[in-house]
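Notes follow once the structure below has been shown.
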Amino acid sequence: MRRMVAHSALKEPPRRAATIPAALLAMLPLLAAFALLQNQWYTSAPLESPTFGANFSCKRATWLGLDCMRTLEQLLDDLGVRRFRLVVYWSEAEPAPGRYDWRAIDAQLDALHARGAKAVVVIGMKGPRWPEFWFPHWLERMTPIPAVGYPEDAALVQDYLFPYLEAAAKHLAAHPAVEAIQVENEPFVYYRGHANKRHLRPALVAREIETVRRATDGRLPVVVSHASWFRGDPTPFWILDHADVLAQSVYTKRQRGPWPWLYLFPYQLGPLTPDLPGQARAAARRGKELWIGELQAEPYEQATRDPRALPTHELRSFSVAWLERNVTLARRSGATRVYFWGAEWWAYLRERRGDEALWRAARAYFRVLALTPAFGHPSPACGRGAGDEGLPWSG
0 MRRMVAHSAL KEPPRRAATI PAALLAMLPL LAAFALLQNQ WYTSAPLESP
50 TFGANFSCKR ATWLGLDCMR TLEQLLDDLG VRRFRLVVYW SEAEPAPGRY
100 DWRAIDAQLD ALHARGAKAV VVIGMKGPRW PEFWFPHWLE RMTPIPAVGY
150 PEDAALVQDY LFPYLEAAAK HLAAHPAVEA IQVENEPFVY YRGHANKRHL
200 RPALVAREIE TVRRATDGRL PVVVSHASWF RGDPTPFWIL DHADVLAQSV
250 YTKRQRGPWP WLYLFPYQLG PLTPDLPGQA RAAARRGKEL WIGELQAEPY
300 EQATRDPRAL PTHELRSFSV AWLERNVTLA RRSGATRVYF WGAEWWAYLR
350 ERRGDEALWR AARAYFRVLA LTPAFGHPSP ACGRGAGDEG LPWSG
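Start counting the sequence shown at 0; every next residue gets the next number (numbering that gives the first Met the number 0).
Spelled out as structure tokens, the structure:
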């Protein structure tokens, strides 16, 4: 009996030892997946020094209860922003057929010029901020424009669109604060979850690009924007073949579904993540540039939710820490120019909610990122420069 027990005891350790490699083998796929997600350009590409600027929309500022020009002046004077992405809304600029009103954009451009700042200006049917397509009300009364499909197919739309584009481009090209013109905003993107499912055909956008080039005698670069959600998206390369600048919209934290706690993270998808450095290299080979036209710097909640009504804990869904993370990602992307999306939100939090955290963080960025080279001349500084230590992105 004792011999049997002893024999059994001798056999037990090898069986336990045999289970250890099996457990490790079972974990290998998880470890490999984790390594694949982490070892991507957004964690390993070298840190560069793009020029930073900000998007600004008077419509957005007013909707948030802010004074448009006062807010723009605060961005210029307090934060020190010197590169802007502005917009001409067709619904404002052509109040009656063939009659143009440029006062709104001129006031903004004059404020920039007085301080030595520059702007890329968006023109076309589709502009930043909801409802995205900004048709003049008189045109909507003259012809039905469907909410799904291609609005250029509606009668009269192109008849009025191209004269407007030509007039807008000529007017903007004459202003010394304008350094580039963007044709449409994300023309090939539509959102399945929204009632508005309009987007534009490449042939129309190509014609718009040529219209703007002719109107400006080719003196201003033409920008076209896009929002890639996966690596295999071919649209950026079409844009690089036709425009001078590809401007990507980069949103890293998007709320989805009916649950306020559920977010998607499109720039943490491992090999599926949009390959911005690859797009930057493709642009450079063509003598062109990749910009980030919209870098998320405010909460991205469901379209049905009014951000002004968000409770405090949900306002913090986009924090200073997330802003710092996005700046680091932008510096790894290969983009030569980066425009924050959310400057009006920073002002709203500061003025209406008493929360200055994002405003103060942005001020720190713009005070250091004062080097603002002209189009086609990216900053000579690359990687972590002298004095970067201790700044939000220095980690």
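Heads up, the beta-carbon is just placed ideally off N, CA and C, and yes, glycines get one too.
These figures come from a predicted structure and were not determined experimentally.
Query: CB contact flag (F339, A296, <7 Å); Result: yes
Query: Terminal residues of the beta strand (DSSP E) in which H198 lies; Result: H198 -> no beta strand (DSSP E), and no H or E assigned at all.
Query: Residues of its chain near L71, where Cβ-Cβ distance is below 7 Å and the 5 sequence neighbours each way are ignored; Result: F55, Q107, A110
Query: Coil, strand or helix - G277 by DSSP; Result: helix
Query: Span of the beta strand (DSSP E), counted from its first residue to its last, around S224; Result: 221 to 225
Query: Straight-line gap, A168 to H198 (C-alpha atoms, nearest Å); Result: 22 Å
Query: Span of the alpha helix (DSSP H), counted from its first residue to its last, around W399; Result: There is no way to answer for residue 399, as the model of the chain reaches only from 0 to 394.
Query: Beta-carbon spacing of H241, A202 below 7 Å; Result: no
Query: Among D354, R331, W344, the one whose alpha carbon lies nearest that of T50; Result: R331
Query: Cβ contact check for the stretch 145 to 155 and the stretch 246 to 266: 3 or more pairs under 8 Å; Result: no
Query: L261, buried or exposed, once every other Cβ within 10 Å from all chains shown has been counted against 16; Result: exposed
Query: Rounded straight-line distance, which links the Cα of V119 to that of L85; Result: 6 Å
Query: Element boundaries [alpha helix (DSSP H), containing N54]; Result: It is not in any alpha helix (DSSP H) - N54 instead sits in the beta strand (DSSP E) that spans 50 to 54.
Query: Start and end residues, beta strand (DSSP E) containing I144; Result: Segment: none, I144 is in no beta strand (DSSP E) and carries neither H nor E.
Query: Among L328, A173, W101, I208, nearest to D274 - alpha-carbon criterion; Result: L328
Query: Runs of alpha helix (DSSP H) wholly within the stretch 39 to 124 (minimum 4 residues, chain order); Result: 40 to 43, 57 to 62, 67 to 73, 89 to 92, 102 to 113
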